[in-house]
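Numbering that gives the first Met the number 0 applies: residue 0 is where the sequence shown begins, and numbers increase by one.
C-beta: ideal position from N, C-alpha, C; glycine also.
Scroll down for the structure; my scribbles are underneath it.
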Amino acid sequence: MALFLPLLTFFMLIASSLTNGQPSPGFYPSSKIPIIPFNQAYRSLWGSQHQRFDQNSLVLWLDQSSGSGFKSQRPYRSGYFATSMKLHPGYTAGVISSFYLSNNEDHPGNHDEVDIEFLGTTFGKPYTLQTNVYMRGSGDGNIIGREEKIHLWFDPTMAFHNYTILWRPTEIIFFVDDVPIRRYPRKSDATFPLRPMYVYGSIWDASSWATENGRYKADYRYQPFYARYNNFKIGGCAANSPASCRPPSGSPARTGGLSHQQVAAMLWVQKKFKVYDYCSDPKRDHTQTPEC
């Protein structure tokens, strides 16, 4: 009987995890970073007429006349960058709702970028969440992306969920509700973004490629398309921070990386929900992506 009770508890925990769908990562970096008011960290960048605040959320929308976007007030050289988002339901083909880091305005055509992008979809199909990392030279028709795509284990149009980019000198980790979905380690300076970047959010028309490689376009009979943001969090090192500044860790270890439980949660995501990995794409020229 003494042995039976621990086994019963173990299987009950497994059953609970399967019922909820999402495994516990065992560590919650979002709890370590306070929420910051939008106007203390960000400003409108474009399409300000397509922005409004509604019940503590920033609402951006796209219609046939314009999309909209915002930008952090300062550039950063590392850090924890997060927001909660709620996406537009129904037909959203061609529409990108994004949260990302970039220095394109400082280095046009030769910029670095770290992306969380929701690729619009058609009726009855799930959203695709794309993560991507660009290094110098991406742009001007010479894009060397490092895309991974997943389908989520929940409907992102029903409620707000937290999406995070953790950019450290040794790694980039993407999180959804504190579950790591991808870790991109720094294997060389040539394959890792090192220059300061701003934080952005936007909604825009990317009909040429966003949905099934451009097969389905934005249909403005369904306009306007909305993206809602709240729970803004920034913790890290601004570009002018002292050299002693260190970004937060995404794991129980101060040195970074992921715990065994976090790795197990990430593998669960990648096994069950990943639908594209640039390193596994036979059409890609992998001489341009040596980290593969």
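Residue range of the beta strand (DSSP E) that includes residue i
{"i": "Leu-59", "result": "56–61"}
{"i": "Ser-101", "result": "94–101"}
{"i": "Arg-182", "result": "178–184"}
{"i": "Asp-218", "result": "That residue, Asp-218, is in no beta strand (DSSP E); it is neither H nor E in DSSP."}
Beta-carbon proximity of residue i to residue j, cut-off 8 Å
{"i": "Ala-264", "j": "Pro-195", "result": "no"}
{"i": "Asp-111", "j": "Tyr-99", "result": "no"}
{"i": "Ser-250", "j": "Ser-243", "result": "no"}
{"i": "Val-132", "j": "Ala-209", "result": "no"}
{"i": "Pro-289", "j": "Thr-130", "result": "no"}
{"i": "Thr-156", "j": "His-49", "result": "no"}
{"i": "Gln-222", "j": "Gln-63", "result": "yes"}
{"i": "Gly-68", "j": "Ser-206", "result": "no"}
{"i": "Lys-232", "j": "Ser-29", "result": "yes"}
{"i": "Tyr-199", "j": "Met-84", "result": "no"}
{"i": "His-150", "j": "Asp-176", "result": "no"}
{"i": "Ser-56", "j": "Arg-227", "result": "yes"}
{"i": "Glu-170", "j": "Gly-66", "result": "no"}
Residue i to residue j span [Cα, whole Å]
{"i": "Asn-109", "j": "Met-134", "result": "8 Å"}
{"i": "Pro-74", "j": "Arg-245", "result": "15 Å"}
{"i": "Arg-283", "j": "Gln-54", "result": "45 Å"}
{"i": "Lys-124", "j": "Asn-239", "result": "44 Å"}
{"i": "Lys-70", "j": "Asn-102", "result": "11 Å"}
{"i": "Cys-236", "j": "Arg-167", "result": "10 Å"}
{"i": "Ser-47", "j": "Asn-229", "result": "17 Å"}
{"i": "Tyr-27", "j": "Gln-260", "result": "12 Å"}
Helix, strand or coil at residue i according to DSSP, with G and I counted as helix
{"i": "Gln-269", "result": "helix"}
{"i": "Lys-70", "result": "strand"}
{"i": "Arg-227", "result": "strand"}
{"i": "Thr-190", "result": "helix"}
{"i": "Phe-26", "result": "coil"}
{"i": "Ala-81", "result": "strand"}
{"i": "Tyr-275", "result": "strand"}
{"i": "Thr-286", "result": "helix"}
{"i": "Ala-264", "result": "helix"}
{"i": "His-259", "result": "helix"}
{"i": "Ser-248", "result": "coil"}
{"i": "Ser-47", "result": "helix"}
Residue range of the alpha helix (DSSP H) that includes residue i
{"i": "Gln-50", "result": "Looking at the DSSP string, Gln-50 is not in any alpha helix (DSSP H); the run it does join, the beta strand (DSSP E), is 50–53."}
{"i": "Gln-21", "result": "Element bounds for Gln-21: n/a, residue is neither H nor E."}
{"i": "Asn-38", "result": "37–40"}
Residue i: CB within 7 Å of a non-hydrogen atom of the ligand FMN
{"i": "Lys-31", "result": "Annotation note on the ligand FMN: not contained in the displayed structure, which lists no ligands."}
Enumerate, from N- to C-terminal direction, the unbroken beta strand (DSSP E) stretches of 3 or more residues contained entirely within the stretch 113–172. 127–137, 147–150, 160–167
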